[in-house]
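So the structure is just underneath, and the comments pick up after that.
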Amino acid sequence: YMAATGLSAMPSQEHSPEPDRQYMHIGTMVEFAFALGAKLDVINKHSFNDFKLRVGINHGPVIAGVIGAQKPQYDIWGNTVNVASRMDSTGILDKIQVTEETSNILQTLGYICTCRGIINVKGKGELQTYFVHTEMTKSLSQGNVAS
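If you're matching positions, the sequence shown starts at 1 in full-length UniProt numbering and goes up one per residue.
Right under this line is the structure:
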């Protein structure tokens, strides 16, 4: 499955006065992935299954639109989508894998990311990737609790 956040008809303002604000949607996607994992744990506990989740996240520009005459469907395309798909397909169960650029942004938002290393990504070559941890840095997570 694929999910997207931060979609807008207008291109993002690269030099926004609040740089963290322009990337908040990336944190939203990470929180969504954490929530999916937590819900899956509950489902597994009550159904005696051991389903696992693997998530890949990337950010950047996409093309979006409705395609199909008989059965119209909304879809998004582009290099950003392809790399996100590769982050998923080369990922590890129960982990969120992201690109280096996405990791850098997540760290400014207070997330802890650790380097996985270099992986070979079909169509892109070798990319440095990172795993996102469920806990955030103490200073930012404490700030979120108080607000």
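Using N, Cα and C, we set each Cβ at its ideal position, and we do this for glycine too.
For residue i, the first and last residue of its enclosing beta strand (DSSP E)
{"i": "Ala64", "result": "63–67"}
{"i": "Asp75", "result": "73–77"}
Contact under 8 Å by Cβ, residue i with residue j
{"i": "Ala64", "j": "Phe32", "result": "no"}
{"i": "Val98", "j": "Thr129", "result": "yes"}
{"i": "Phe51", "j": "Leu40", "result": "yes"}
{"i": "Pro72", "j": "Val81", "result": "no"}
Proximity winner among the options, relative to residue i (alpha-carbon distances)
{"i": "Tyr111", "options": "Ile96, Gly117, Asn120, Gly125", "result": "Ile96"}
{"i": "Ile118", "options": "Ile43, Gly91, Val42", "result": "Gly91"}
{"i": "Tyr23", "options": "Ser103, Ile67, Gly123, Phe51", "result": "Ser103"}
{"i": "residue 148", "options": "Met87, Arg116, Phe51, Gly60", "result": "In this structure the chain extends from 1 to 147, so residue 148 is not present and cannot be described."}
{"i": "Leu93", "options": "Phe131, Thr28, Thr5, Arg21", "result": "Phe131"}
{"i": "Glu100", "options": "Gly6, Asn58, Ala69", "result": "Asn58"}
{"i": "Gly78", "options": "Gln70, Glu126, Gly60", "result": "Gly60"}
{"i": "Gly6", "options": "Val62, Gln70, Asn44, Phe34", "result": "Val62"}
{"i": "Ser89", "options": "Gln70, Val121, Ala69", "result": "Val121"}
{"i": "Phe34", "options": "Asn44, His46, Lys45, Arg54", "result": "Arg54"}
{"i": "Leu109", "options": "Ser8, Arg21, Tyr1", "result": "Arg21"}
Host alpha helix (DSSP H) of residue i (start-end)
{"i": "Gly56", "result": "Not the alpha helix (DSSP H): Gly56 falls in the beta strand (DSSP E), residues 55–57."}
{"i": "Gly117", "result": "Gly117 -> not in any alpha helix (DSSP H); beta strand (DSSP E) instead, spanning 111–121."}
{"i": "Asp41", "result": "24–47"}
{"i": "Leu106", "result": "100–108"}
DSSP state of residue i mapped onto helix, strand, coil
{"i": "Gly6", "result": "coil"}
{"i": "Asp88", "result": "helix"}
{"i": "Gln128", "result": "strand"}
{"i": "Gln70", "result": "coil"}
{"i": "Asn144", "result": "Caution applies to Asn144, whose pLDDT of 47 falls short of 50 and renders its modelled position unreliable; the value that the coordinates give is listed next. Helix."}
Integer Cβ distance of residue i from residue j, believed to fall under 8 Å
{"i": "Gly56", "j": "Ala84", "result": "5 Å"}
{"i": "Ile105", "j": "Ile26", "result": "6 Å"}
{"i": "Gln107", "j": "Cys115", "result": "Actually they do not touch by this definition, with Cβ atoms about 11 Å apart."}
Chain B within 8 Å of residue i, Cβ atoms only
{"i": "Val62", "result": "Within the model displayed, chain B is absent; a lone protein chain is all it includes."}
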